[in-house]
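Q:
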Amino acid sequence: MPTQRGRYYLSRVIKLGSLTQDKLAQAIRGAPVLHIGKFQWAITDAVDGRESNPKFIFGKLAKYSAEGHVTIVDPALKSQLDALAPNLLMASSPFVYLPDFSGIAFLHVWNGIQEDLFPKRFCSLIEAAYQNFFVDCAVEPVADYRVFVEKLDHLDRITEMSAKVYPPNPLFGHLWGSLKDYIVHRNAEEVSVREKKTDGEGIKTALRELMRELLAGPPDAMTAAKQPTNVGQVDITDAAMLMAADGYGHGKVIGEQNGEEVIIRTSDTHKSFLHAKEPDPVALATAAVKLFQGISEERHMEH
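Numbering (the numbering used here), first residue to last: 90 to 392.
If you want it as structure tokens, here you go:
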């Protein structure tokens, strides 16, 4: 029987307050059970692979019902009966966290643990492991540059750009490296930017060109010196949008297409891949590392 495959989404785990790599790992392995709405939530089947190659932490985000009901067959009566099933699993989303990339890959479970629900429940469990005391967690999507640029290309003009970004760790992109340095220098946990121009030509931005330059491949020695290398050359909002698209925040572009308003979010172009729904932890980690390495190379990211 062929292995069932599902779609895994690539994101970054943002660690704020006193949350560190070690504390995150401890929380994944020992997060409490939370009752949210009608269901219980827990992280199960944790595997600590930080001493292996590649380094990873595996787990499953489990959604279950404390008092579930199932249908059973009574062979003597030849009838179907309703029976109680304590702690009935409703949905399970395998995930793998990669410390070297602050990256996470998680399974989208249709009508159970959707792409937009996983980050909320995962972070709630991580924060609850420390009684929500001075720890904060966010899971932000890594955008697909190609799809994002294609969407931007359809806009006749851009009327608004906004982004919220967080200090990256451990990687950063060379086009927004100075924005990273600025955030660190200011000792800020987050920075928000917003620009708006509703008349005339709209906002002047080089975002499309910058993304295309990165997608074109590493610059050679002659052109490298001409590449923008700091926020003095890459405008701050463009740098923040690139930073958000790399998974260190979230951004939004509003524009017009044929007279109609169009909103493009970095989360709309969430990068993903197909893998087994019931994965081997090492195999999932290996597949995710390969993709994150490709993203780092494509976007000229470095430590």
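The beta-carbon is built from N, C-alpha and C at its ideal position, and this holds for glycine as well.
A quick note: this is a predicted structure, and the numbers were derived from the prediction, not measured.
Which value, in whole angstroms, describes the spacing of the CA atoms of residue 319 and residue 151?
A: Note on residue 319: pLDDT 43, under 50, position unreliable in the model; no value is reported.
Q: For residue 153, which residues does DSSP report across the bridge?
A: In the DSSP output, where bridge partners are listed per residue, residue 153 has 129, 178.
Q: What's the gap between the Cα of residue 258 and the Cα of residue 171?
A: The alpha-carbon atoms of residue 258 and residue 171 are separated by roughly 51 Å.
Q: Distance check for residue 175 and residue 220, CA to CA, integer angstroms please.
A: C-alpha separation (whole angstroms): 27 Å.
Q: Do three or more CB pairs link the segment 359-375 to the segment 283-303 at distances below 8 Å?
A: No, they do not touch.
Q: If contact is defined by three or more beta carbon pairs under 8 Å, each pair taking one atom from either stretch, is the segment 342-353 in contact with the segment 142-156?
A: Segments in contact, no.
Q: Leaving out five residues before and five after residue 204 in sequence, what residues of the same chain have Cβ atoms less than 7 Å from its Cβ?
A: Here the set comprises 98, 197, 359.
Q: Measuring straight from C-alpha to C-alpha, what distance separates residue 329 and residue 111?
A: So the alpha carbons of these two residues sit roughly 28 Å apart.
Q: Measure the alpha-carbon distance for residue 394 versus residue 120 and round it to whole angstroms.
A: An answer regarding residue 394 cannot be provided, because it is not within the stretch 90 to 392 covered by the chain.
Q: Just to confirm my understanding: we take residue 116, look at its own chain, exclude 5 residues before and 5 after, and list those with CB closer than 6 Å. What are they?
A: Same-chain partners within the cutoff: 215, 218.
Q: Figure out for me which residue from 103, 178, 247 has the closest Cα to the Cα of residue 159.
A: For residue 159, the nearest C-alpha among the options comes from 178.
Q: Please list the terminal residues of the continuous beta strand (DSSP E) segment that includes residue 98.
A: Where residue 98 is concerned, the enclosing beta strand (DSSP E) stretches over 94-106.
Q: Where does residue 348 fall in DSSP's three states?
A: If DSSP states are grouped into helix, strand and coil, residue 348 belongs with coil.
Q: Which runs of the beta strand (DSSP E) fall wholly inside the segment 197-281 and span at least 3 residues, in chain order?
A: As far as the segment 197-281 is concerned, its whole beta strand (DSSP E) runs of at least 3 residues are 224-230, 246-254.
Q: On the criterion of 16 or more Cβ atoms from any shown chain inside 10 Å, does residue 393 qualify as buried, or is it exposed?
A: Residue numbering for the chain in the displayed model covers 90 to 392; residue 393 lies beyond these limits and cannot be assessed.
Q: Within its chain, find whatever has a CB closer than 7 Å to the CB of residue 244; leave out the 5 residues flanking it on each side and keep chain order.
A: Hits under 7 Å: 344, 345, 346, 351.
Q: Whose C-beta lies closer than 7 Å to the C-beta of residue 212 among residues of the same chain, with five residues either side of it excluded?
A: Taken in chain order, the residues that qualify are 226, 227, 228.
Q: Quick check on DSSP: helix, strand or coil for residue 287?
A: Looking at residue 287 - three-state DSSP - the assignment turns out to be coil, as it is neither helix nor strand.
Q: Assess, as a yes-or-no matter, whether the segment 370-387 is touched by the segment 185-202 under the definition of 3 or more beta carbon pairs within less than 8 Å.
A: The segment 185-202, when compared against the segment 370-387, does touch it at the 8 Å Cβ threshold.
Q: Need the endpoints of the alpha helix (DSSP H) that residue 362 sits in, please.
A: That residue, residue 362, is in no alpha helix (DSSP H); its beta strand (DSSP E) goes 361-365.
Q: Can you list, in chain order, the residues of its chain whose CB lies under 6 Å from that of residue 105, leaving out five sequence neighbours each side?
A: Only 225, 278 meet the Cβ criterion.
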